[in-house]
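Contents: one structure, followed by commentary.
Residue numbers (the numbering used here): 18 to 499.
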């Protein structure tokens, strides 16, 4: 984070600059040095906690639908058949609504954070998520709308908030926190996924006797509790997000106000301000985030190829992974296909699906995230990303050619599936998030990250739609072995 080669506009050697200009540039470099070299303290901890809450909540809210979708299939009168599988059209709507909303949120919040400042938009994404989570949990049948339709609508709104969290949190972390902490904060997604499974298991356990001995409609209460749990961390993080200061880099490089950035740095790092000189404060003029400047900047191949590279990498990452993992939505289908779930008994089926997801997360997802945390600054982003793609290619080939054999042995299947999870997160899933927050100029850092992330989500949508269209050809999950 100490180097920021494209975040500021260099002086043209052919121009004549005043002493004030040189002085302000010197102050800027000093301010950046203070941020980068500051001892790890409470402000860094607070910044990491605030962002961690967001990523934890993002993952929880996205992945929890894997459990909720299966629970809902037992509570809707139209789907209370023996195996209670959700119709394909509703399944797709439920799973794609959040993805479509996420894509829009990534683009909208990415641009807004560069246009209006990180501080002005940071926190609104959590507010949207809180509102949408409450709306999702309160969804019910009525004359005009079904539970499914209501849930699809609120999942779309939820996706907008989740999408907004990606670029804004990534940029805030890169510009406020220690570089080594960025991957650790992103790894909180793993704990969000794990918590979704744990909350599902705990709530099912609490209602076990009611579901088995009284009425399985108590599952209706279970899925609402599981959903509403996602509000708790979001509410905790909302206050801290709206009170976090503007990033000094944005204040200096986009607003051009070195003086204000210096005051903010002195305040958050508890430094003694330097004595002010009896002279007017100079504000540095530089390029601003406009559509014209955006086109001019990225039309230069040296700049455009960076955006193209981050976007394609993220697109391919989600494209190759989403047919298996989707946005956390196909684990239940995978587990049912290998016989780990699919019991006639509603409680046993839901319990096995939840436990199976916990096992997969513990074996592959969380270790993958934390391998990245410990090695990303030693090995480098590029090496880890290439390694992840290569290993995943080999694992997918083994899985594809040996699927009929592997699925007969649940333990072997889960091991291979977990290895895929491990090298996805100790690979392109983490690096495609980290790199876009580091390679764009300050005035387009959030926009560039948002475009890259939205490209990935587009790949996820294409792959997920294809998966859901193919999986039931010839019967429920009958196309899985092809």
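For glycine and all other residues, C-beta sits at the position ideal for the given N, C-alpha and C.
DSSP state of residue i mapped onto helix, strand, coil
i           : result
residue 155 : coil
residue 262 : coil
residue 337 : helix
residue 456 : coil
residue 394 : helix
residue 204 : coil
residue 255 : helix
residue 245 : helix
residue 424 : coil
residue 162 : coil
residue 237 : helix
residue 117 : helix
residue 7   : Residue 7 is absent from the structure shown; the chain starts at 18 and stops at 499.
residue 299 : A caution first: residue 299 carries a pLDDT of 47, below 50, which makes its placement in the model unreliable, though a value can still be read off. DSSP places residue 299 in coil when its eight states are reduced to three.
residue 461 : helix
residue 81  : coil
residue 317 : coil
residue 364 : helix
residue 139 : coil
residue 486 : helix
residue 72  : helix
residue 380 : helix
residue 410 : helix
residue 144 : helix
residue 30  : Reliability fails at residue 30, whose pLDDT of 39 lies under 50, so the model's placement of it is uncertain and the value that follows must be treated cautiously. DSSP places residue 30 in coil when its eight states are reduced to three.
residue 388 : helix
residue 64  : helix
Nearest to residue i (by Cα), restricted to the options the options
i           : options            : result
residue 210 : 375, 380, 222      : 375
residue 480 : 435, 334, 150, 363 : 334
residue 398 : 114, 154, 199, 73  : 199
residue 458 : 330, 486, 472, 314 : 314
residue 394 : 420, 447, 70       : 447
residue 81  : 111, 320, 305      : 111
residue 149 : 169, 133, 336      : 169
residue 88  : 137, 161, 244      : 244
residue 503 : 133, 160, 164, 139 : As shown, the chain starts at 18 and ends at 499. That puts residue 503 outside it, with no answer to give.
residue 191 : 241, 133, 277, 61  : 61
residue 389 : 317, 121, 203, 65  : 203
residue 120 : 386, 174, 84       : 174
residue 526 : 450, 92, 409, 415  : Lying before the first or after the last residue shown, residue 526 is absent from the chain, which here runs from 18 to 499.
residue 249 : 144, 130, 453      : 144
residue 212 : 442, 383, 131, 187 : 383
residue 415 : 402, 433, 401, 403 : 433
residue 78  : 242, 425, 307      : 242
residue 134 : 417, 305, 407, 319 : 305
residue 179 : 277, 140, 154, 456 : 140
residue 386 : 166, 450, 277, 336 : 450
residue 65  : 201, 470, 84       : 201
residue 470 : 452, 419, 486      : 452
residue 118 : 182, 403, 322      : 182
residue 320 : 166, 86, 113, 456  : 456
residue 132 : 85, 403, 263       : 263
residue 338 : 454, 408, 317      : 408
residue 487 : 86, 90, 106        : 106
Own chain, CB closer than 7 Å to residue i, minus 5 neighbours either side, in chain order
i           : result
residue 228 : 235, 236, 363, 364
residue 67  : 254, 257, 258, 261
residue 127 : 184, 463, 464, 466, 467, 468
residue 214 : 371, 374, 375, 378
residue 436 : 381, 412
residue 116 : 176, 344, 474, 477, 478, 481
residue 130 : 138, 184, 185, 188, 463
residue 311 : 461
residue 239 : 88, 220, 221, 224
residue 154 : 241, 244, 245
residue 114 : 169, 172, 173, 176
Proximal residues to residue i (C-beta, below 6 Å), its chain only, five neighbours per side dropped
i           : result
residue 405 : 440, 444, 445
residue 21  : Low per-residue confidence applies at residue 21: pLDDT is 45, beneath 50, and the placement is therefore not dependable enough to give any value.
residue 13  : With the chain covering 18 to 499 only, the question about residue 13 has no answer from this structure.
residue 157 : 164
residue 206 : 72, 76
residue 31  : Confidence in residue 31 is poor, its pLDDT being 41 and thus under 50, which makes the residue's placement unreliable; the coordinate value appears in the next sentence. Taken in chain order, the list of residues that qualify is empty.
residue 171 : 149, 152, 153
residue 136 : 263
Cβ distance (whole Å) where residue i is taken to contact residue j below 8 Å
i           : j           : result
residue 221 : residue 367 : 6 Å
residue 147 : residue 76  : Not a contact, Cβ separation roughly 16 Å.
residue 410 : residue 247 : With 8 Å as the limit, residue 410 and residue 247 do not qualify as a contact, their Cβ atoms being about 34 Å apart.
Residues near residue i by beta carbon distance below 8 Å, same chain, minus five either side
i           : result
residue 292 : Low confidence applies here, because residue 292 scores a pLDDT of 43, under 50, leaving its location unreliable and the question unanswered by this model.
residue 218 : 368, 371, 372, 375
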